[in-house]
Each structure stands twice: as C-alpha cells, then as structure tokens.
Amino acid sequence: MWLLGFFTIYWLTCIRVLVYYTNSTLIHEVINLFLGLLKKDFLLVKTYLWIWLAALLLLYMAGGLLASYYSVFYYMFPLLLTLYVGHTVIFPVASAILLKAEEKGQYWRHGTAGAVKLLGSKLMMAALFTITSLFLTNLFMVISWVIMEPVSNPFIDLSGSIPWLEGTIFNIAIVFGGLYFTLWGLFLWGLFHSLAQYPALKKFAWVIIFAVYFGTQAILTRLSEWQPVKNFLQSWSIQMELTEMSASHFGNVALDFTDKGGELLLWPILLSIAGLCILFWAASWLLDRKVEV
Amino acid sequence: MITLDNVTKQYGRKKSLDGLTYTFECGKVYGILGPNGSGKSTMMKAIAGLVYPTEGKVLIEGKPVSRNIARNLAFLSTEGMLYKSFRVEQMIQFFKSQYADFSKDKAEELLAFMELDRRQRVSELSKGQQGRLKLLLVLARKTDILLLDEPFVGLDPMVRDTIVKSLVSFIDFGKQTVIITTHEITEIEPILEEALLLEQGKITASCNVEQVREEQGLSVLEWLKTNVHRGALA
Chain A
70 MWLLGFFTIY WLTCIRVLVY YTNSTLIHEV INLFLGLLKK DFLLVKTYLW
120 IWLAALLLLY MAGGLLASYY SVFYYMFPLL LTLYVGHTVI FPVASAILLK
170 AEEKGQYWRH GTAGAVKLLG SKLMMAALFT ITSLFLTNLF MVISWVIMEP
220 VSNPFIDLSG SIPWLEGTIF NIAIVFGGLY FTLWGLFLWG LFHSLAQYPA
270 LKKFAWVIIF AVYFGTQAIL TRLSEWQPVK NFLQSWSIQM ELTEMSASHF
320 GNVALDFTDK GGELLLWPIL LSIAGLCILF WAASWLLDRK VEV
Chain B
421 MITLDNVTKQ YGRKKSLDGL TYTFECGKVY GILGPNGSGK STMMKAIAGL
471 VYPTEGKVLI EGKPVSRNIA RNLAFLSTEG MLYKSFRVEQ MIQFFKSQYA
521 DFSKDKAEEL LAFMELDRRQ RVSELSKGQQ GRLKLLLVLA RKTDILLLDE
571 PFVGLDPMVR DTIVKSLVSF IDFGKQTVII TTHEITEIEP ILEEALLLEQ
621 GKITASCNVE QVREEQGLSV LEWLKTNVHR GALA
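Protein chains in written order, with the working numbering: chain A, 70 to 362; chain B, 421 to 654.
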C-alpha cells in the first residue's frame with residue numbers, strides 16, 4: 070500500500086514537472102525558433118523540390134513512353150535503379166542549395182539559434198527533399214512492377230511478388246549513404262569557410278579540403294585492414310533472416326533484391342553512426358566559433 | 421557599454437582594424453564616418469561577434485563578445501539579411517520566430533509607417549523598400565544595442581528621409597546604444613550624439629555633435645572635412 074502511494078506521488082510529480090516544462094516559455098521559444106528555421110529552410114528549397122519532382126515525373130513518363138513504343142518496358146528498371154542510386158547525390162545537393170542561400174553575407178550566423186540548430190534544420194530539410202523524391206521513385210517502381218507483373222492490389226500484396234522489405238532496406242541504405250556525403254559536405258564546408266581567417270592557408274583551401282577527406286579515408290581504410298581492428302569489427306553481429314525469393318526476370322533484365330540472409334555486422338554500423346555524429350558536431354563547432362562573416 | 425580594447429583585424433597583410441580602442445557608452449547614438457575600406461563594417465561585425473579580432477578584445481558589459489550576443493543586439497547588415505524568394509510577411513514571421521524580443525505590434529506599426537506591402541516578395545521590392553524592410557526587422561526588436569551598417573546605401577533622398585524619421589520615431593533614445601555607419605552625414609546629423617572618424621582601421625577623430633555645433637559653429641560634415649584633412653596630413 071505504501072509502495073503504491075509512493076509510486077502514485079512519484080508519477081504525479083513527474084507529470085507535473087513535464088507539464089511545467091512543456092508549458093514554460095523557454096521550451097516554447099526553443100520550439101518556435103527551430104520551427105522558424107525549418108519553415109525558412111523549406112521556403113528556400115521548395116521551388117527546387119517542385120522542379121525536381123516535376124523533372125522526375127517527366128523523366129519517368131518520357132522513359133515509359135519510349136520503352137513502351139519499342140516494346141522494351143522492362144528497360145524502365147535500370148532507369149529506376151539509376152534514379153535510386155542518384156538519391157545519394159540528391160541529399161548533399163539539397164544541403165548545398167540550402168547553404169548557398171546563406172553564403173552571401175553569412176547573416177544567418179547572426180541569430181539566437183546555435184549552430185547545431187542552424188545545421189540541423191538544413192539537414193532535416195535536405196532529408197525531407199530526399200525522402201519525398203525517394204517516395205515518388207518508389208511509386209514509379211511499384212507502378213512499373215505492377216505493369217510488368219500484375220497483382221490485384223500492390224500495397225497489400227501478400228504473394229511476395231513485390232519485395233517490400235528489401236526495398237525498404239534499400240531505401241534506408243540510400244538515405245544513409247546520402248547522409249554520409251552530406252555530413253562530410255557540411256564539415257568540409259565549415260572547414261573551408263574557417264580557413265578565411267588564415268589568409269596564408271586560404272590560398273590552399275581546396276588542397277586542404279581534399280587532403281582532409283582523402284587522408285581520413287586512407288587512414289580509416291588502413292585501420293580497418295589491421296587484423297585486431299578487423300577482429301573487433303566482426304565480433305558483434307546479428308543474423309538477418311530475409312525471405313529467400315527467386316529473381317524476377319523482365320525480358321533481359323533480372324531483378325533480384327533478395328538475399329538468403331546472413332550476418333549483419335553491428336560495430337561498423339554503430340561506428341559509422343558515431344563518426345557521422347562527430348562530423349556533425351565538428352561542423353557545428355566550426356560554424357559557431359571559426360566561420361566569419 | 422561596448423569596449424574595443426586594442427582591436428586589430430588583419431586580412432593577409434592588410435589591417436582592416438588597427439589597434440582600435442574605444443568605449444561606446446550606453447544609451448547614446450554614435451555615427452561612424454569614414455571613407456570606403458576604412459574598416460567601418462569590420463568594426464560592426466566585430467561588435468556583433470561575427471568577426472574575430474586578430475588581436476585585442478571586444479567586450480560588451482565586460483564580457484567577451486561571441487555570436488550569442490545576438491540575443492541582445494540587433495544588427496542591420498548591408499548584405500545577406502533578406503531572402504529574395506520570401507514575402508515581406510514571411511520575413512517578419514521568420515524574425516519573430518528567431519527573436520523572443522521581436523514585437524509583432526511594433527512590426528505592424530513599422531509596416532504601415534514604411535508603406536510596405538506584406539504580400540510582396542523581397543525580389544519584387546525596390547532597393548529603397550528593401551532598405552526599409554531591413555530597418556523594420558531590426559527596429560521591431562527590443563534590444564539594448566542597435567547596429568546599423570550603411571542603412572542608407574544606394575537609397576534616394578526621399579527614402580533616406582523616411583528612414584531617419586523611422587529612426588527618430590522608433591529608437592529608444594537614452595536606453596538603446598545605437599551605432600550607425602554611413603556616408604550620408606547630413607541626413608543622420610539630427611539624431612547623432614557622437615561622431616567618430618575611422619580611417620585605415622583607426623579612429624582619427626571623435627566629437628560630441630552638440631558641442632561641435634554650439635562651440636565651433638560647425639555641422640558634422642564641416643567637422644568631418646576638417647578632420648579628414650588633418651588625418652590625411654598626419
């Protein structure tokens with residue numbers, strides 16, 4: 070009974086504290102500030118987004134019409150796969166557009182938002198850009214798939230002819246790949262602008278940028294080839310159980326997204342995520358303390 | 421109180437600010453005058469925490485300046501302040517979301533005063549209208565320090581007159597420390613309390629505007645001409 074009373078009071082206090090903080094001016098200010106940044110970044114990128122989505126639609130329609138005309142509609146799949154892979158570029162390009170909008174005068178640094186929020190908002194908008202574009206590409210893929218291999222309802226297709234799980238993993242991998250290039254881009258962008266403080270180094274800014282990127286890659290590659298590191302990276306894994314599925318053949322094009330399953334190494338994934346977090350933090354640190362107007 | 425303590429800012433071999441030492445007192449309106457490339461904008465950016473001195477310190481109320489000072493300082497910059505694709509209303513909303521001290525009521529009042537159309541895009545605004553919008557955005561904030569970097573640049577006399585009128589109406593005289601850099605001395609003279617002459621990154625002369633007017637019978641422009649000459653000779 071005493072224990073029940075204690076927990077009731079404890080939870081009621083927790084709820085009161087939570088209500089107090091969510092209603093407090095400070096939280097409201099922070100939320101408003103970040104929403105304001107998101108809205109601003111959306112307005113900066115929205116025209117590009119509509120143009121890109123329209124271009125994607127036109128590209129698909131033109132490809133579809135041409136492929137149908139020559140009765141080789143299955144050629145749409147290599148086109149779609151190219152579009153998918155291209156999304157790893159769309160993420161950093163969207164970020165670059167957003168950064169370019171701020172470059173003149175760098176006035177965005179004059180504000181109450183810290184660099185984490187400034188860059189975080191840009192990152193989220195670039196992600197939204199990429200995911201929206203991926204969503205449309207997925208839609209085109211499903212349409213093409215259904216045209217080639219009709220199913221009654223593709224979205225509740227239980228026969229397994231459409232590889233939803235594999236597609237989702239593929240989408241996640243693309244977004245992650247895009248995020249990797251974007252965060253490197255943000256960090257190198259911050260570094261490039263920080264060099265403006267040192268006129269002697271500014272002349273070699275591009276050399277420094279390339280040296281930092283390729284130098285880091287070379288060190289990481291060497292490290293990962295070192296046996297003790299290799300052993301460590303392979304020390305934690307989970308078994309992936311993907312449904313085995315035969316390849317789909319459309320004309321000369323064979324699509325096989327399936328894997329018989331296998332080991333998924335967790336350390337490389339976790340370390341990559343940690344590395345990306347460090348890059349983001351470093352880019353924010355540079356923007357807060359080193360980049361000048 | 422804004423203190424510049426032996427501030428030097430060097431870009432390569434060129435010194436944009438050269439051992440600048442000065443204290444701006446609270447609640448006064450300062451005019452920074454000087455030729456192009458004299459370091460006026462660099463000084464303003466250093467006070468706003470957007471440029472880091474190569475040597476020396478910039479202190480506000482005794483604390484070293486960083487970009488966090490934006491919480492208590494409004495800065496009108498010559499470039500990069502407005503987003504071309506935004507409407508006037510969207511610019512106002514964005515500033516409101518970023519600054520807790522931004523007053524929507526004051527912004528509405530200024531919007532009417534500046535005769536700006538809230539639905540118009542920034543790209544459609546004339547230079548004069550853009551200048552007025554920038555001023556609206558900084559004057560709608562309730563800050564202790566107001567930095568106006570070349571608010572009249574490229575504007576015709578009519579617009580300059582409107583801007584001076586808006587400054588007279590909306591500056592909190594005696595409470596706000598206002599620093600204005602400009603070439604348009606005649607228009608700004610009525611609101612200035614102190615004038616500084618900046619040449620080659622150094623303050624070569626300074627005066628109390630009222631004193632110059634009453635004791636020497638000179639306008640700021642006349643005072644400036646005399647001192648630029650002296651500076652050049654020195």
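The C-beta atom is built at its ideal place from N, Cα and C for all residues, glycine as well.
1) Compare the C-alpha of B/D592 against each of B/L575, B/A532, B/D564, B/L556 and name the closest.
2) Does any residue of chain B have a CB that is nearer than 7 Å to the CB of A/Y117?
3) Please list, in chain order, the chain B residues whose beta carbon lies closer than 8 Å to that of A/K173.
4) Assess, as a yes-or-no matter, whether the stretch 572-587 of chain B is touched by the stretch 547-561 of chain B under the definition of 3 or more beta carbon pairs within less than 8 Å.
5) Would you mind working out which of B/A468, B/F515, B/A625 sits nearest B/L557, comparing C-alpha positions?
6) Which residue comes first and which comes last in the beta strand (DSSP E) that contains B/T597?
7) In chain B, which residues lie with their C-beta within 7 Å of the C-beta of A/Y176?
8) Span of the beta strand (DSSP E) holding B/C627?
9) Looking at chain B, is there any beta carbon in it that lies within less than 7 Å of the beta carbon of A/H179?
10) With a threshold of 7 Å on Cβ separation, who are the neighbours of B/L641 within its own chain once the five nearest residues in sequence on each side are excluded?
11) Does the structure place the stretch 626-641 of chain B close enough to the stretch 480-500 of chain B that three or more beta carbon pairs sit under 8 Å?
12) What residues are listed by DSSP as bridge partners for B/E475?
13) Compute the beta-carbon to beta-carbon distance between B/S461 and B/T601, rounded to the nearest angstrom, for a pair I have assumed lies under 8 Å.
14) To test your reading of the DSSP string, which unbroken beta strand (DSSP E) runs of 3 or more residues are found completely within the stretch 535-583 of chain B?
15) Should A/A280 be labelled buried (16 or more other beta-carbon atoms within 10 Å of its own) or exposed?
16) Would you say B/S436 lies against chain A (beta-carbon separation less than 7 Å)?
17) How would you label B/Q636, buried or exposed, when you count the other beta carbons within 10 angstroms and need 16 or more for buried?
18) From this set, B/M534, B/Y519, B/N647, which residue's C-alpha is nearest A/G180's C-alpha?
19) Span of the beta strand (DSSP E) holding B/R615?
20) Quick check: what's the CA-CA separation for A/L289 versus A/H262?
21) Per DSSP, what are the beta-bridge partners of B/G451 in this structure?
22) B/G432 touches chain A at which residues, Cβ-Cβ below 9 Å?
23) Does B/P484 come out as helix, strand or coil in the three-state DSSP assignment?
Checking against the coordinates, here is how it stands:
1) Taking only the C-alpha atoms, the option nearest B/D592 is B/D564.
2) no
3) E499, G500
4) yes
5) The shortest C-alpha separation from B/L557 is found at B/F515.
6) 597-601
7) S497, G500, M501, listed in chain order.
8) 622-628
9) yes
10) I605, T606
11) no
12) B/T428
13) 7 Å
14) 565-569
15) exposed
16) no
17) With fewer than 16 other Cβ atoms within 10 Å, it is exposed.
18) Closest option to A/G180, Cα to Cα, is B/Y519.
19) A small correction: the amino acid at residue 615 of chain B is Ala; Arg does not occupy that position in the sequence shown. 614-619 is the span of the beta strand (DSSP E), which, as asked, contains B/A615.
20) In a straight line, the C-alpha of A/L289 is about 25 Å away from that of A/H262.
21) B/I600, B/A615
22) Within chain A, the residues near B/G432 are P268, A269, K271.
23) strand
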